[in-house]
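All you need for the working numbering is the position in the sequence shown, starting with 1, plus 1.
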Amino acid sequence: MSKSLTIDVVYDYVNTNKDELLAKAVTGFKTIDYVSVQTGVLAPTAIHVLDTNVTFGDGSVCGFTDTVQQTISARMIDPRHIKVNAHWCQADFYDTWANQLAHIGADKQELPFAPMFCDEIIKDIQKKLEKEFWSQIINIATADVPAENKLTATGVLADDVEAIIKKIPAEIIENAVVFMGQEDFMKLVFEYQHANHYIHPITGDKNFELTVPGTMIKVIGVPGLNGTGRIFAGDPKNFVFGTDFRNDKEVFDFWYSKDDDEYKFKCTFSAGEQIAFPSQVIMMTN
């Protein structure tokens, strides 16, 4: 009885919270906290990023001359349509989950099992999307970032970060950050410490963020760049993640199938990446 009751609770949990769970799965990876997110991306879609340049005209003379230049990025997000499927025979739960299910059923605390059941899938979707985001950005940058914005690393991270910051265009410097892998982030922290920069706050906090000593530029370690040998700099909102969320094409569902006596899980969504203005991105390669 406890097995059926608990599985029913999982079913109810998923179907009651499917929108929240889907959002958590698709937009819950680390990098998403910094970059632009565009919804409604189900087919190739132009990204909506506006670049504005205002110049001052001569107000002492008559006439009307346009002094505002605005550019809407016409670059396209070409989304991938992704599905994640899983199925379980009820007998699969007997040996693996029997003790836990019986314990939960006896305590009438079925709901904590439901988040655990879904969270393991969600966590791995997040990991995969984090990695795919930067894999696609690297491909886009390799093709579209101007040659003068592509740098070669020296092997000394503190020097490399200084070099990449110096290349950031003045018009975006106020909002610019540096992205690197988390393993490089830790190496950078140690380099600053060994260089006796203790006078500056080197926090290296749990979010893998620090401010470069003597500057206002933040360095962010993201797992999606681990092992890639790449460092990026620019306005984080120049990096765009596209997904749907406006239509009914996404699915986050759990159900029992009488046809084959199995429990099934399905998650479908779209995901795509783009750089709005490649000329404003700096990429360094080891």
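Ideal placement from N, C-alpha and C gives every residue a C-beta, glycine not left out.
Discussion item. Can you find the residues in the same chain that come closer than 6 Å, C-beta to C-beta, to M187, ignoring five residues on each side of it along the sequence?
Written reply: The sequence position of residue 187 within the sequence shown is 186, counting from 1. Taken in chain order, the list of residues that qualify is empty.
Discussion item. Taking only three categories from DSSP, how would you classify C119?
Written reply: By 1-based counting over the sequence shown, the position of residue 119 is 118. Of the three classes helix, strand and coil, the one that applies to C119 here is helix, per DSSP.
Item to complete: Can you tell me which of the three DSSP states F134 falls into?
Response: Numbered from 1 along the sequence shown, position 133 holds the residue referred to as residue 134. When secondary structure is reduced to three states using DSSP, F134 falls in the helix class.
Item to complete: For E163, name the three-state secondary structure that DSSP assigns.
Response: In the sequence shown, the residue the question calls residue 163 occupies position 162. Correct three-state label for E163: helix.
Item to complete: Give the DSSP-derived three-state secondary structure of D52 in the structure shown.
Response: Residue mapping note: residue 52 aligns to position 51 of the sequence shown, counting from 1. It is a strand residue.
Discussion item. Please report the straight-line C-alpha distance between V62 and S37, rounded to a whole angstrom.
Written reply: For this step, residue 62 is matched to residue 61 along the sequence shown. For this step, residue 37 is matched to residue 36 along the sequence shown. Computed Cα separation, rounded: 41 Å.
Worksheet entry | Endpoints, alpha helix (DSSP H) assigned at Y193 | One-based indexing of the sequence shown puts residue 193 at position 192. Its alpha helix (DSSP H) spans residues 183 to 195.
Worksheet entry | Backbone CA spacing between A87 and A272 [nearest angstrom] | Here residue 87 refers to the residue found at position 86 of the sequence shown. Here residue 272 refers to the residue found at position 271 of the sequence shown. Inter-residue distance for A87 and A272 is about 20 Å (C-alpha atoms, whole angstroms).
Fill in: Proximity to I138 [Cα-Cα], best of A177, G243, E263
The residue labelled residue 138 in the question sits at position 137 within the sequence shown. Selected option, being the one with the closest Cα: G243.
Discussion item. On the DSSP letters alone, give me the boundaries of the beta strand (DSSP E) that R81 sits inside.
Written reply: On the sequence shown, position 80 is the one that residue 81 refers to. 81 to 90 is the extent of the beta strand (DSSP E) around R81.
Item to complete: Report back the beta-carbon spacing between V282 and N227 to the nearest angstrom; my notes put them in contact at under 8 Å.
Response: Taking the sequence shown and counting its residues from 1, the one referred to as residue 282 is at position 281. Taking the sequence shown and counting its residues from 1, the one referred to as residue 227 is at position 226. Actually they are not in contact, since the Cβ atoms of V282 and N227 sit about 20 Å apart, beyond 8 Å.
Item to complete: Please report the Cβ distance between G182 and G235, rounded to the nearest whole angstrom; I am assuming they are in contact, meaning their Cβ atoms lie under 8 Å.
Response: Mapped onto the sequence shown, residue 182 falls at position 181. Mapped onto the sequence shown, residue 235 falls at position 234. That belief does not hold up - the Cβ atoms of G182 and G235 are roughly 17 Å apart, past 8 Å.
Discussion item. If you measure between the beta carbons of K219 and T212, is that distance less than 9 Å?
Written reply: In the sequence shown, counting from the first residue as 1, residue 219 sits at position 218. In the sequence shown, counting from the first residue as 1, residue 212 sits at position 211. Yes. Within cutoff.
Discussion item. Please report the straight-line C-alpha distance between T68 and V146, rounded to a whole angstrom.
Written reply: Reading the sequence shown from its first residue, position 67 is the one you call residue 68. Reading the sequence shown from its first residue, position 145 is the one you call residue 146. Computed Cα separation, rounded: 28 Å.
Worksheet entry | Per DSSP, cross-strand counterpart(s) of D254 | Working through the sequence shown from its first residue, we reach residue 254 at position 253. According to DSSP, which records beta bridges pairwise, D254 is partnered with K267.
Worksheet entry | Collapsed DSSP secondary structure at G225 in the structure displayed | Locating residue 225 in the sequence shown gives position 224, where the first residue counts as 1. The answer is helix: DSSP assigns G225 an H, G or I state.
Worksheet item: In whole angstroms, what is the alpha-carbon distance linking K124 and T32?
Response: Walking along the sequence shown from the start, residue 124 turns up at place 123. Walking along the sequence shown from the start, residue 32 turns up at place 31. Using only the alpha carbons, I get a separation of about 14 Å.
Practice prompt. Please determine, among T56, T40, E175, the residue with the shortest C-alpha to C-alpha distance to T216.
Written response: Taking the first residue of the sequence shown as position 1, residue 216 is located at position 215. Nearest option by C-alpha distance: E175.
Fill in: Buried/exposed call for G225, threshold 16 Cβ in 10 Å
Sequence index remark: in the sequence shown, residue 225 carries index 224 (1-based). G225 comes out buried.
Fill in: Closest by C-alpha distance to N140, when choosing among F278, E274, L189, K265
For the purposes of this step, residue 140 is taken as the residue at position 139 of the sequence shown. Among F278, E274, L189, K265, the Cα nearest to that of N140 belongs to E274.
Worksheet item: Between G58 and T66, what straight-line distance do the alpha-carbon atoms span, to the nearest angstrom?
Response: In the sequence shown, residue 58 corresponds to position 57, counting from 1. In the sequence shown, residue 66 corresponds to position 65, counting from 1. Whole-angstrom Cα-Cα distance: 8 Å.
Practice prompt. Answer yes or no: do A44 and A75 have a C-beta to C-beta separation smaller than 9 Å?
Written response: Your numbering for residue 44 matches position 43 in the sequence shown. Your numbering for residue 75 matches position 74 in the sequence shown. In this structure, A75 does not lie closer than 9 Å to A44 by Cβ.
Worksheet entry | Minimum C-alpha distance to E133 - residue among T28, F246, C268 | By one-based count along the sequence shown, residue 133 stands at place 132. Of the listed residues, the one whose Cα sits closest to E133 is T28.
Item to complete: Classify V241 as helix, strand or coil using the three-state DSSP reduction.
Response: As a first step, residue 241 must be located in the sequence shown, where it is residue number 240. Reduced to three states, the DSSP call for V241 is strand.
Worksheet item: What separation, rounded to the nearest whole angstrom, lies between the Cα atoms of A26 and V162?
Response: As a working note, residue 26 is residue 25 in the sequence shown. As a working note, residue 162 is residue 161 in the sequence shown. So the two alpha carbons sit approximately 32 Å from each other.
Discussion item. I believe I78 touches Q39 by the beta-carbon criterion, under 8 Å. Please report the beta-carbon distance rounded to the nearest angstrom.
Written reply: Position 77 of the sequence shown, counting from 1, holds the residue named residue 78. Position 38 of the sequence shown, counting from 1, holds the residue named residue 39. Right, their Cβ atoms sit about 7 Å apart.
Discussion item. Give me, in chain order, the residues of the same chain whose beta-carbon lies closer than 6 Å to that of F233; leave out the 5 immediate sequence neighbours on both sides.
Written reply: One-based indexing of the sequence shown puts residue 233 at position 232. Counting only Cβ-Cβ distances below 6 Å, and skipping sequence neighbours, we find F180, M284.
Worksheet item: Going by the beta-carbon positions, is the gap between V178 and P214 smaller than 9 Å?
Response: As a working note, residue 178 is residue 177 in the sequence shown. As a working note, residue 214 is residue 213 in the sequence shown. Their beta carbons are not under 9 Å apart, which means V178 does not touch P214 by this criterion.
Item to complete: Please list, in chain order, all residues of the same chain as N287 whose beta carbon is under 7 Å from its beta carbon, the five residues on each side excluded.
Response: Here residue 287 is taken as the residue at index 286 of the sequence shown, counted from 1. So the list reads A154, G230, once near-sequence residues are dropped.
Worksheet item: What span of residues does the beta strand (DSSP E) with S37 cover, start to end?
Response: Here residue 37 refers to the residue found at position 36 when the sequence shown is read from its first residue. Residues 37 to 39.
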